[in-house]
Amino acid sequence: MRFFSLLALASVLLMAAVMPARRAGRHCAGASGAVSGVPGPQPVPARQARVVPRIPDYPRFAEVAESHSALWEVTYRYGEAAPYSARNRVTAHVLAVSDVELLDHCLHVYEPPSPLRAYTAPRVRAYAPTQCQSR
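Have a look at this one:
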């Protein structure tokens, strides 16, 4: 007899734990009441995130940027006629082109200008006349 009463108590406690509690009141689900034909306010739709522009042929762009990263800072500017640009880290010269292959070629053949200036030419000739006469 005691076993059956413990079994009944355990089943009641298990049902109470598993089944959700009903809320009392008029607004709970299943409550009887007049339903109006007017729909409630619609939820505001989630805003679409802006489309993030992508760099065309990104793997090639990353390869060019990595191979020239010692001397050049390579960037991509969206919406420009020449979106691929590179800035020399030493001389601060800027190069802008419209194609990543052209950018790679230009960075390969670029030679920085000579550090000698025109106003130093006479001084150089005085110290090294053989080098200037060979021109």
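Counting with mature numbering (1 follows the signal peptide of the UniProt record, and there is no 0), you get residues -23 to -1, 1 to 112 for the letters of the sequence shown.
Built from N, CA and C at the ideal position, the CB exists for glycine as well.
(message) Along the chain, where does the beta strand (DSSP E) containing Val74 start, and where does it finish?
(response) 71 to 74
(request) Determine, using beta carbons only, whether Asn65 and Leu79 come nearer to each other than 8 Å. (result) no
(request) Determine the closest residue to Val77 out of Tyr35, Ser(-19), Met(-5), with distance taken between C-alpha atoms. (result) Tyr35
(request) Given a cut-off of 8 Å, decide if Ser75 and Ala58 are closer than it, judged by their beta-carbon atoms. (result) yes
(request) Using 10 angstroms around the beta-carbon of Ala23, count the other beta-carbons present and answer buried if the total reaches 16, otherwise exposed. (result) exposed
(request) Report the three-state DSSP secondary structure of Arg37 (helix, strand or coil). (result) helix
(request) Please classify His45: is it buried, with 16 or more other beta-carbons within 10 angstroms of its beta-carbon, or exposed? (result) buried
(request) With DSSP as the reference, please indicate the residues paired to Glu50 in a beta bridge. (result) Arg64
(request) Please determine, among Pro89, Gly14, Leu(-18), Tyr53, the residue with the shortest C-alpha to C-alpha distance to Ile32. (result) Tyr53
(request) With a 10 Å radius around its C-beta and 16 neighbouring C-beta atoms as the bar for buried, classify Ala42 as buried or exposed. (result) buried
(message) Using a Cβ-Cβ cutoff of less than 6 Å, which residues in the same chain neighbour Phe38 once the five nearest sequence positions on both sides are dropped?
(response) Ile32, Val77
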